[in-house]
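Residues 3 to 157 in the working numbering are what the sequence shown spells out, letter by letter.
All C-beta atoms in this analysis are idealised placements derived from N, C-alpha and C, irrespective of residue type, glycine included.
Here's the structure we're looking at; comments come further down.
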Amino acid sequence: MIDPISALAIASAAVGQIKSLLSAGRDASNALSSFAGALSDINYSAEKAKDPPFYKSFSGSYEKEAANAFIAKQKVDALKKDLEVMIMYTYGMKGLEDYKNTIRTMKAQREKHEYRKKEMIDAMISWGVGFLIVAVTVAFAGYGLYLLGQNQGKW
């Protein structure tokens with residue numbers, strides 16, 4: 003997965019390629035694939051911005067990531083509508099439905115593989131930070147009890 007701003011740049015370039023290829027009457031499948039991947043990345047970033055991991059709130063980058071995801075989502079939605087109109091005029095309603103089905107299939111595959119990996123990494127970081135906090139708390143409590151016992155002469 004890439005950041006939403008880079009994905010937006012890829013989507014814009016792909017739509018430009020698609021327009022030129024379709025107007026020349028050539029196959030635009032590679033550009034459509036590139037656009038679909040960027041669209042999927044942007045949608046995923048927008049979803050993750052709604053419910054970020056707790057450690058992101060400490061870095062202060064959460065607000066920036068959420069803003070970037072929102073802006074990219076708005077722009078890519080406009081590109082998507084423009085692309086759908088272009089596909090409909092070039093290939094008709096059947097072509098548009100085929101395109102939408104292809105997008106759905108690619109999105110499902112991408113979510114299943116790539117995004118699951120990202121979610122697992124986020125979960126490991128969250129659990130690791132949580133374990134570290136618990137371990138440090140237990141260590142400080144144990145050390146405090148040791149000092150209390152030593153002060154009272156119990157050991």
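**OP:** Going by CA-CA distance only, name the one from K66, Y145, S22 that's closest to I7.
**Re:** Taking the sequence shown and counting its residues from 1, the one referred to as residue 7 is at position 5. I7 has its Cα closest to that of K66, out of K66, Y145, S22.
**OP:** Quick one: grab the DSSP three-state call for K156.
**Re:** Position 154 of the sequence shown holds residue 156. Of the three classes helix, strand and coil, the one that applies to K156 here is coil, per DSSP.
Original post:
Three or more beta-carbon pairs under 8 Å between the segment 144-151 and the segment 77-84, yes or no?
Top reply: Contact check between the segment 144-151 and the segment 77-84: fewer than three CB pairs, one atom from each, fall below 8 Å, which does not count as touching.
Subject >> With 16 other Cβ atoms within 10 Å as the buried cut-off, status of A9 >> reply: Position 7 of the sequence shown, counting from 1, holds the residue named residue 9. Using a 10 angstroms sphere on the CB of A9, the tally of other CB atoms reaches 16 or more, which defines it as buried.
Subject >> For D53, three-class secondary structure by DSSP >> reply: Indexing the sequence shown from 1 puts residue 53 at position 51. If DSSP states are grouped into helix, strand and coil, D53 belongs with coil.
Original post:
Excluding five sequence neighbours on each side, which residues of the same chain lie with their C-beta closer than 7 Å to the C-beta of S14?
Top reply: Here residue 14 corresponds to residue number 12 of the sequence shown, with the count starting at 1. For S14, the CB contacts under 7 Å within the same chain, skipping 5 residues up- and downstream, are L81 in chain order.
Original post:
Could you give the distance in angstroms between the alpha-carbon of A125 and the alpha-carbon of L134?
Top reply: Along the sequence shown, read from residue 1 onward, the residue named residue 125 stands at position 123. Along the sequence shown, read from residue 1 onward, the residue named residue 134 stands at position 132. Distance from the CA of A125 to the CA of L134, rounded to the nearest whole angstrom, comes to 14 Å.
Original post:
For S42 versus M108, is the C-beta spacing smaller than 8 Å?
Top reply: In the sequence shown, counting from the first residue as 1, residue 42 sits at position 40. In the sequence shown, counting from the first residue as 1, residue 108 sits at position 106. The answer is yes: Cβ separation under 8 Å.
**OP:** Can you say whether Y91 is buried or exposed, counting buried as having 16 or more other CB atoms within 10 angstroms of its CB?
**Re:** Taking the sequence shown and counting its residues from 1, the one referred to as residue 91 is at position 89. The residue is exposed, with fewer than 16 neighbouring Cβ atoms inside 10 Å.
Subject >> Other residues of its chain near E86: CB distance less than 7 Å, five sequence neighbours each side excluded >> reply: Translated into positions along the sequence shown, residue 86 becomes position 84. Same-chain partners within the cutoff: L98.
Original post:
What is the C-beta distance between A40 and I12, in whole angstroms, given that I count them as a contact (C-beta under 8 Å)?
Top reply: Translated into the one-based positions of the sequence shown, residue 40 becomes position 38. Translated into the one-based positions of the sequence shown, residue 12 becomes position 10. Sure, about 4 Å apart at Cβ, within 8 Å.
Original post:
Would M95 pass as a contact of K21 if the rule is Cβ separation under 8 Å?
Top reply: Working through the sequence shown from its first residue, we reach residue 95 at position 93. Working through the sequence shown from its first residue, we reach residue 21 at position 19. Not a contact, by the Cβ cut-off of 8 Å.
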